[in-house]
Structure formats: C-alpha cells, structure tokens
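> Quick one: the structure is below, and I'll ask about it shortly.
Residue numbers (the numbering used here): 141 to 730.
Laid out in structure tokens, this is it:
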C-alpha cells in the first residue's frame, strides 16, 4: 500500500501484533522451563552472594581477633599483675586494651558483634560488660573451651552459642582462639560472637522463604546441621545430599520421601561450611502455573486495548496529513497561493497554520532578506571607511601643529603640500578599489610626512613586480599596517620592507619591520582581536583592514601576523588577484 495509513496498519500487524502473538504462544508453552532455569539462576546467585557475605564476615572476625591476640601489648598486659586498681601503668594498659577492642569492632565489624577476652588470671574484659573477676574454672565449662585448647591458637567456631549470664539471650555464632605469647602458651582466650540473624538470614526473610516453599540451612564439612529448623533437619536425613543430581535443564535436584526438590548451594571457603536451599518442585509448579495464567491474561487484555486505541488514534492523526501533503506538493511546484484547512488546536493544527503563514510570507521574506543583506554590507563598509579618514587627518594635523611650533615656515609649506595629496586621495569616497600602484603612491606620501615628523628615522623599501602594480586592492589597505609598525615598533631607525608576489592564484603582500616584535601571548591576543567584530587593536588600524577584506572578498582572505620577539613583526595580506579592467582617475603624483 502506498498511503501512510496503510503502511502504518501493515507495519503494526507485521512488526508488533504478529511477533507478539508468536512470542506469547511460545512463552506460554515453554515458560515453565524458562522460568525454572531463570529462577534457579537467580536463587543460585542469591545463595552465592550470601555465602560470600558469610565468608567475608568470618574473615573479618579472624582478622579482628589476630589484631588483638598477636599484639605485643596484649601479651604484656596479660603477663603483668592485675593491679590496675592500684597501679597507674597497669590501668593505662587496661584502658588501651579496651580502646583497641572497641576500635577493632568499629572498623572491621559492626555494632551487633561482641568481643571478649577471658584472662587466665581470673578476669573477663568484654565489649558488653566491664572488667569482671570470675573463677577460671567457669571457662572450662564452656562448650568451646576444650576444642579451643586443642587447636592451640587456631579459630574454633561454635554454633549456636549463648553468652552465660547475659541479658541478651539470643543465639550467636562464636569464634574462639587461645592467646599464646612468644615463649608461653595459654594466657587466656579471645572470643568474637555475632547474632545468627546477622550472620545467616533475619527471621523475617526466613519466614518469607518458607511461605514460598524454600527451606534454607547451613551444614558443616560432615553435613551436620548448624543452622536450620526441624524441616531442614528432615531434608538432611538418609544422606539425601549424596543422591543429588542435575536434570535436563541444568538444575540440581534431589528426591526425598517421593518429593522432588530443587537445590541451590554454595560453600563458605573460610569455614568449610555449605549453605543450601531446597525448593519443593510441586509447590513451585503450582505457583508458577497460577502466576503464568494471570500474567498472560493481563498481557493479552492490555495488548488488545492498546491495538484498538492505536488504530483509532492513527486514523485521526493521518487524516490531516493527506491534505497537508497535497498543499506541499503545490508549493513545491511554485504555487504559493495554496492553503490548508485543519481544525483543532493540537500540534497538527499548529503545523497547518504555520504552513499557511509560511506560504503567505515566503516570497516577501526572500526579497526582504536579499535587500537587507545588501544594505547591511553597504552600511558596514561605509562605517569602516568613515573611521579611517578622521583618524589619519587628526594625526597629520597634530604633526603640522608641532612642526609649526618647533620648526620654521619652510617645513610647514612642505607638509601642507603633501597633506593636500593625501586628502585628495582620502576624500574620494566614491571609489572603493584602487590599483596597487595608487595605494603605493599614497603610502609614499604618507611616509614622507612621517619621515619629517620622526627626523628621517624611518626607511621604507619595497619590491613589487611591475605586472602586479595594476592589481586592484581596497583603498587604505597598506597605510594602517605601516602606521601600526611606526606606533608599535618602538625602535628607531625603523626599517619597513614591503614585497608582493603572485602565489597560488592570489595576490600576497608581505610587510616586515625591524621593531621589538611581539610575544606569543601578544600574537594570540592580536589574532583573537582580528576575528572579533567588536574588538579593538591599534585604534582603527589593521583590524579594520582585515574586516574590510573579509567583508568584500570572503572569509578565506585576510591578514596573518607572526613575530619573533626582538626581531620585528611580519604581516601577510592575502587578496584575490584582480587586475584593473577600466580606466580610473589616478592620484596626483606631484
């Protein structure tokens, strides 16, 4: 179909409706296996993440205990008499140990963790109570005592564990280590405990898992249950884990009492323990089927509603485009009197109204734009031209004034004669272009005035091929550049050399002086000034020259400045190579 409406309908059917129907059908038939695999992967990732967190906690507990029991200050504290109530030095060591235990807890562990040092001198120093005197024999009654004694400094983990005589009767995971000195063993024992909900799973999360048919447990190397409820213990009966295998979907499963369970597990490397989750396949399948049917129903309902709404909206939106397309075709053929009629206030109506306004004003806009550009160029040139005449006239008259005061009447006569020639050339405003010969004649008259002013301290030389002397240049192209060298050269006698050549089809004029030159920063500032319409550099001089050249000839022409500090300034003008084709009045070269 060639219409926009037909293309949209076909695209909707082929690209959206048909693919979605096929996807929904395939999803419905294969979603169980897909969801099983995805859920298993998600559960495995969660179990692995939890095992890593438990392993990280175990590593931090071991690291924290090592910082205490391997500290020489701890050994000194335990070797000396327990007279901190009467001996100030002993008291300082006690407070230092307490502060160290508190810092280790804050930096490596969290506020739920408890640290305790059981001193064989008959004292306990813990983070949950003050220093307490106890009978050493009570240590021997702890479940961790004998295993810790046998490991001789290596960690022993006790699960579950409760701190005796503690107001907080909650199950903990405890790690104990024997404290050994450099030459003596068993100064005491160090204990770190963390609540099981912090190390394992919070009770609320375990309850949510049970509602979803998931049973989580933690076993040791011998598959003995460490953490888990009675249902977890039943799942471990009859060595169920030894019968675990992988099904066709790559999921671990095990059969227990004629029930199939999906299994996810991960190892806690630091402890050698194993975190295991069982999910009843029957419960999972029932829940999956119910959720699948509900999801498919909602997806189909919303999709049908969307398709109907889309079609109705498409019909309404595309109708005005047909009329607008016809009118645009007429405008493309040059018929600017065609208009469209679109009702409403939406974007399409705005587009139609804007199209009508565009058609009505298109021709006027083109004509006005052309006239405006012409007026702008002419006014800009006249403004730039007007800037130069008063500037030079002011400088010249100022020179005449000072020469009249400091010299005799003969000099005044000579200067006025030369000034007349300059004014004759300058006031010819109707002529924008002159030949290079005429510009050179004007420049020599200007320099003769400057030589009188500066007492013959200015030497001007030029080398220009004769066939280039009739090339056209803008009036006042060379004089501002020479004036810039005189003002900013800051060195006398001043030598100015001018050369011209034909290069790459352009007229290239190069002027070099022997002034003090410019630094790199000054060059960058001047170049930036040349490219800014409202910048100022040397009054009205070279910036105006550069701007006039670009205005008349284009942005590819203009001025470039380079300098080596202490070796003068080099100024290069690039102009189009145009020769004088008609005779014009030459300047009086008397």
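Where a beta carbon is used, it is the ideal one built from N, C-alpha and C, also for glycine.
1. For residue 97, does the count of other Cβ atoms within 10 angstroms reach 16, so buried, or fall short, so exposed?
2. For residue 187, which residues from the same chain have a beta carbon less than 7 Å from its beta carbon, with the 5 sequence-adjacent residues on both sides left out?
3. So, do the segment 331 to 345 and the segment 243 to 262 have three or more beta carbon pairs nearer to each other than 8 Å?
4. Taking the alpha-carbon positions, what's the residue 225 to residue 330 distance?
5. Since residue 323 is in the beta strand (DSSP E), which residue starts that stretch and which ends it?
6. If you drop the 5 nearest sequence neighbours on each side, which residues of the same chain put their C-beta closer than 6 Å to that of residue 285?
7. Please give me, in chain order, every unbroken run of the beta strand (DSSP E) with length at least 3 that falls completely inside the segment 619 to 679.
8. Classify residue 704: buried if its beta carbon has 16 or more other beta carbons within 10 angstroms, exposed otherwise.
9. If the criterion is Cβ atoms closer than 8 Å, does the pair residue 352 and residue 333 meet it?
10. Can we say the segment 213 to 220 touches the segment 316 to 327, given the rule of at least three CB pairs closer than 8 Å?
11. Relative to the C-alpha of residue 580, which residue among 593, 598 and 602 is closest?
12. Between residue 717 and residue 693, how many whole angstroms is the CB-CB distance? I'm expecting something under 8 Å.
13. Comparing C-alpha positions only, which one of 701, 690, 666 and 654 sits nearest to residue 707?
14. Just checking my contact of residue 613 with residue 576 at CB under 8 Å: how many whole Å lie between their CB atoms?
15. At what residues does the beta strand (DSSP E) containing residue 404 begin and finish?
16. My understanding is that residue 389 touches residue 177, with C-beta atoms under 8 Å, so please give their C-beta distance in whole angstroms.
17. Identify every run of the alpha helix (DSSP H) within the segment 251 to 338, keeping only runs that are complete inside it and at least 4 residues long; order them along the chain.
18. Is residue 602 helix, strand or coil when you go by DSSP?
19. Assuming residue 356 contacts residue 365 under a Cβ cut-off of 8 Å, what Cβ separation, rounded to an integer in Å, is found between them?
20. Taking only three categories from DSSP, how would you classify residue 712?
21. How far does the alpha helix (DSSP H) with residue 384 in it extend, from its first residue to its last?
22. Tell me whether residue 719 is buried or exposed, calling it buried when 16 or more other Cβ atoms sit within 10 Å of its Cβ.
23. With 16 as the cutoff for other CB atoms within 10 Å, does residue 713 come out buried or exposed?
24. What are the complete alpha helix (DSSP H) segments, minimum 4 residues, inside the segment 152 to 239?
25. Have a look at the DSSP bridge pairing and note the partners of residue 393.
26. Give me the Cα-Cα distance between residue 680 and residue 502, rounded to the nearest whole angstrom.
If we stick to the structure as given:
1. What is shown of the chain runs 141 to 730, which leaves residue 97 out entirely.
2. 404, 405, 406, 415 and 417
3. yes
4. 23 Å
5. Where residue 323 is concerned, there is no enclosing beta strand (DSSP E), given that its DSSP letter is neither H nor E.
6. 279
7. 634 to 643 and 646 to 653
8. exposed
9. no
10. yes
11. 602
12. Between residue 693 and residue 717 the Cβ distance is about 11 Å, and since that is not below 8 Å, they are no contact.
13. 654
14. 6 Å
15. 399 to 408
16. 5 Å
17. 277 to 280 and 285 to 291
18. strand
19. Wrong, their Cβ atoms sit about 11 Å apart, outside the cutoff.
20. strand
21. That residue, residue 384, is in no alpha helix (DSSP H); it is neither H nor E in DSSP.
22. exposed
23. buried
24. 158 to 209 and 212 to 219
25. 385 and 402
26. Confidence is the limiting factor: at residue 680 the pLDDT is only 47, short of 50, which leaves the residue's position unreliable, though a coordinate-based value still follows. Taking the straight line joining both Cα atoms gives about 40 Å.
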